[in-house]
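Some notes on the structure that comes next.
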Amino acid sequence: MALSELSPAARRVRKHPAHKRRMVEASMAEYGILQPLAINAAGVIVDGHLRWEIAKQLGWHMVPVIRIEHLSEAELRAYALAANKLPAVANFDVEALRLELEEIRAEVPTLDIGLTGFSISEVDRIVGHHQAGLYDDLDEEPADDTAPPRAKPGDLYILGAHRLICGDSLDPAVIARLMDGGVAKAAFTDPPYNVKINGHVSGSGEHDEFAMASGEMSREQFAAFLSGAISNLTAILADGAIAFVCMDHAHVGELIEAGDACFDKRLNICVWDKGQGGMGSLYRSQHELVLVFKHGTAPHLNNVELGKNGRNRTNIWSFPGMAGVGKRRKKALELHPTVKPVALVAEALLDVTAPGDIVVDLFGGSGSTLIAAERIDRAARLVEYEPRYVDRTIARWERLTGRKAVLVDAEPEPEQPHVEATENGVDHVE
Numbered sequence: 004m005a006l007s008e009l010s011p012a013a014r015r016v017r018k019h020p021a022h023k024r025r026m027v028e029a030s031m032a033e034y035g036i037l038q039p040l041a042i043n044a045a046g047v048i049v050d051g052h053l054r055w056e057i058a059k060q061l062g063w064h065m066v067p068v069i070r071i072e073h074l075s076e077a078e079l080r081a082y083a084l085a086a087n088k089l090p091a092v093a094n095f096d097v098e099a100l101r102l103e104l105e106e107i108r109a110e111v112p113t114l115d116i117g118l119t120g121f122s123i124s125e126v127d128r129i130v131g132h133h134q135a136g137l138y139d140d141l142d143e144e145p146a147d148d149t150a151p152p153r154a155k156p157g158d159l160y161i162l163g164a165h166r167l168i169c170g171d172s173l174d175p176a177v178i179a180r181l182m183d184g185g186v187a188k189a190a191f192t193d194p195p196y197n198v199k200i201n202g203h204v205s206g207s208g209e210h211d212e213f214a215m216a217s218g219e220m221s222r223e224q225f226a227a228f229l230s231g232a233i234s235n236l237t238a239i240l241a242d243g244a245i246a247f248v249c250m251d252h253a254h255v256g257e258l259i260e261a262g263d264a265c266f267d268k269r270l271n272i273c274v275w276d277k278g279q280g281g282m283g284s285l286y287r288s289q290h291e292l293v294l295v296f297k298h299g300t301a302p303h304l305n306n307v308e309l310g311k312n313g314r315n316r317t318n319i320w321s322f323p324g325m326a327g328v329g330k331r332r333k334k335a336l337e338l339h340p341t342v343k344p345v346a347l348v349a350e351a352l353l354d355v356t357a358p359g360d361i362v363v364d365l366f367g368g369s370g371s372t373l374i375a376a377e378r379i380d381r382a383a384r385l386v387e388y389e390p391r392y393v394d395r396t397i398a399r400w401e402r403l404t405g406r407k408a409v410l411v412d413a414e415p416e417p418e419q420p421h422v423e424a425t426e427n428g429v430d431h432v433e
């Protein structure tokens with residue numbers, strides 16, 4: 004029936020918040036109207052006002068209708084109330100709902116899960132991404148340095164939905180190979196802090212120093228280093244993407260300088276409260292900082308919404324650090340001297356991404372961002388400079404999933420000169 008032939012009821016008892024209107028509009032744009040509007044004999048809408056309004060916004064001219072002619076005016080008004088109220092009092096079978104959502108995601112990974120009518124944070128909660136104990140033991144897999152090296156510079160691996168490259172995050176060509184045309188909806192990255200590892204992060208001799216930014220740079224050099232990495236990062240972020248960048252108190256100034264110059268907005272500075280002091284001089288350090296930046300001008304995804312859907316988050320993130328003693332600390336620090344808890348990374352990504360979104364980490368370390376993404380149904384893209392940490396990331400993922408990483412692309416070996424023996428015994432090199 005033509006939209007121009009329909010008219011709204013004289014009194015409307017249902018109000019629709021803006022977020023619901025957006026969800027219905029997205030559903031109609033994707034699927035059309037599969038539930039006809041109910042109208043009376045005169046063409047007055049009994050049920051379906053929101054669909055009628057959105058159809059006009061979308062520029063449609065016709066909508067399906069059911070004309071109700073056998074009910075009185077009072078009965079039609081009673082039906083209109085029931086049509087709006089009854090769906091709201093129904094309960095879901097949570098286990099059946101979880102299976103339904105998981106199967107839909109598995110069958111159509113690119114589907115916008117918001118088209119189901121559930122918010123992203125609701126979906127994450129239903130499928131168990133918020134479960135207590137979900138991240139237990141993920142920080143504790145020991146490193147195996149006795150195994151022969153597996154990765155080498157230039158290697159690109161596929162790990163399920165994730166991609167991992169061994170290379171330099173300051174090289175745009177490396178990042179282009181990693182992303183393969185994709186764009187990231189968020190970043191969580193933990194660059195080196197330009198401090199020596201031994202004597203600062205761990206005891207003397209426990210770890211090799213990082214390959215770069217391990218205390219050898221001046222303030223200006225470190226700021227330039229961060230600027231180069233962040234510039235490469237912004238080139239692969241979607242408009243409205245959020246970037247979480249970790250730093251310590253000593254060098255947060257350089258990060259603010261580089262971040263404010265490259266990103267469009269600094270949203271917050273979060274504090275990771277480790278629960279126990281670690282290394283320090285006058286004061287033992289019990290915290291690290293996570294700066295939250297926004298790229299672009301589009302609205303960013305906000306799954307927190309002041310706790311509306313159960314995500315009660317502040318800018319103080321309390322997760323046990325690795326500063327204590329005992330087996331847990333030893334195992335975690337075998338992976339990487341500055342390893343971040345998987346739960347900390349996962350919760351940050353749950354705040355600002357949707358299932359299936361690409362998340363990027365240009366300083367992958369031992370792979371906590373990738374492991375977090377695996378747990379919460381996101382797709383990680385990691386760059387890591389040092390082959391030993393690429394190996395550890397692969398080992399963690401293979402142990403967690405029971406699957407094998409696949410080497411899909413390797414940097415070509417340099418061509419060796421052709422050597423020929425001559426009659427007088429002198430080699431000829433071409």
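So for the sequence shown, our numbering puts the first residue at 4; every next one is plus one.
Backbone N, C-alpha and C define an ideal beta-carbon position, used for all residues, glycine too.
For the beta strand (DSSP E) containing residue i, name the first residue and the last one.
i: residue 27; result: Looking at the DSSP string, residue 27 is not in any beta strand (DSSP E); the run it does join, the alpha helix (DSSP H), is 21 to 34.
i: residue 188; result: 187 to 192
i: residue 389; result: Run containing residue 389: none; DSSP gives neither H nor E here.
i: residue 10; result: Run containing residue 10: none; DSSP gives neither H nor E here.
i: residue 118; result: Here residue 118 belongs to no beta strand (DSSP E), and DSSP marks it neither H nor E.
i: residue 321; result: 319 to 321
Under the three-state reduction of DSSP, which class applies to residue i: helix, strand or coil?
i: residue 271; result: strand
i: residue 167; result: strand
i: residue 290; result: strand
i: residue 276; result: strand
i: residue 344; result: coil
i: residue 411; result: strand
i: residue 300; result: coil
i: residue 281; result: coil
i: residue 75; result: coil
i: residue 92; result: helix
i: residue 220; result: coil
i: residue 259; result: helix
i: residue 234; result: helix
i: residue 160; result: strand
i: residue 154; result: coil
i: residue 362; result: strand
i: residue 228; result: helix
i: residue 357; result: coil
i: residue 245; result: strand
i: residue 104; result: helix
i: residue 240; result: strand
i: residue 180; result: helix
i: residue 295; result: strand
i: residue 314; result: coil
i: residue 201; result: Note that residue 201 has pLDDT 48, beneath the 50 cutoff, so the model's placement of it is unreliable and the number below is only indicative. Residue 201 falls in the strand class under three-state DSSP.
i: residue 17; result: coil
i: residue 331; result: At residue 331, the pLDDT of 47 sits below 50, so the modelled position is not reliable and the matter cannot be decided from this model.
i: residue 128; result: helix
Quick one, are the C-beta atoms of residue i and residue j less than 8 Å apart?
i: residue 352; j: residue 121; result: no
i: residue 174; j: residue 413; result: no
i: residue 6; j: residue 45; result: no
i: residue 116; j: residue 123; result: yes
i: residue 47; j: residue 10; result: yes
i: residue 126; j: residue 302; result: no
i: residue 172; j: residue 386; result: yes
i: residue 356; j: residue 304; result: yes
i: residue 344; j: residue 278; result: no
i: residue 225; j: residue 254; result: yes
i: residue 165; j: residue 377; result: yes
i: residue 307; j: residue 270; result: no
i: residue 50; j: residue 86; result: yes
i: residue 354; j: residue 314; result: yes
i: residue 176; j: residue 360; result: no
i: residue 178; j: residue 408; result: no
i: residue 390; j: residue 154; result: yes
i: residue 187; j: residue 241; result: yes
i: residue 79; j: residue 55; result: no
i: residue 243; j: residue 299; result: yes
Provide the residue span of the alpha helix (DSSP H) that contains residue i, from first to last.
i: residue 372; result: 371 to 379
i: residue 70; result: Looking at the DSSP string, residue 70 is not in any alpha helix (DSSP H); the run it does join, the beta strand (DSSP E), is 68 to 70.
i: residue 4; result: Unbroken run through residue 4: none, as it is neither H nor E.
So, do the segment 285 to 304 and the segment 221 to 232 have three or more beta carbon pairs nearer to each other than 8 Å?
-> When C-beta atoms of the segment 285 to 304 are compared with those of the segment 221 to 232, fewer than three pairs fall below 8 Å, so the two segments do not count as touching.
Would you check if there are 3 or more beta carbon pairs closer than 8 Å linking the segment 65 to 73 to the segment 92 to 102?
-> The segment 65 to 73, when compared against the segment 92 to 102, does not touch it at the 8 Å Cβ threshold.
For the segment 390 to 408 and the segment 264 to 277, state whether three or more C-beta atom pairs, one from each stretch, are separated by less than 8 Å.
-> No: fewer than three Cβ pairs fall under 8 Å.
Taking contact to mean at least 3 C-beta pairs separated by less than 8 Å, is the segment 379 to 399 in contact with the segment 245 to 255?
-> Inter-segment contact for the segment 379 to 399 and the segment 245 to 255 is absent: fewer than three beta-carbon pairs are separated by less than 8 Å.
Do three or more CB pairs link the segment 364 to 376 to the segment 386 to 398 at distances below 8 Å?
-> Verdict: yes, contact present.
Are the segment 17 to 37 and the segment 99 to 106 touching by the rule of at least three beta carbon pairs closer than 8 Å?
-> No, the segment 17 to 37 does not touch the segment 99 to 106.
Which ranges does the alpha helix (DSSP H) cover as unbroken runs of at least 4 residues, wholly within the segment 37 to 63, from first to last along the chain?
-> Entirely contained in the segment 37 to 63, the alpha helix (DSSP H) runs reaching 4 residues are, in chain order, 52 to 60.
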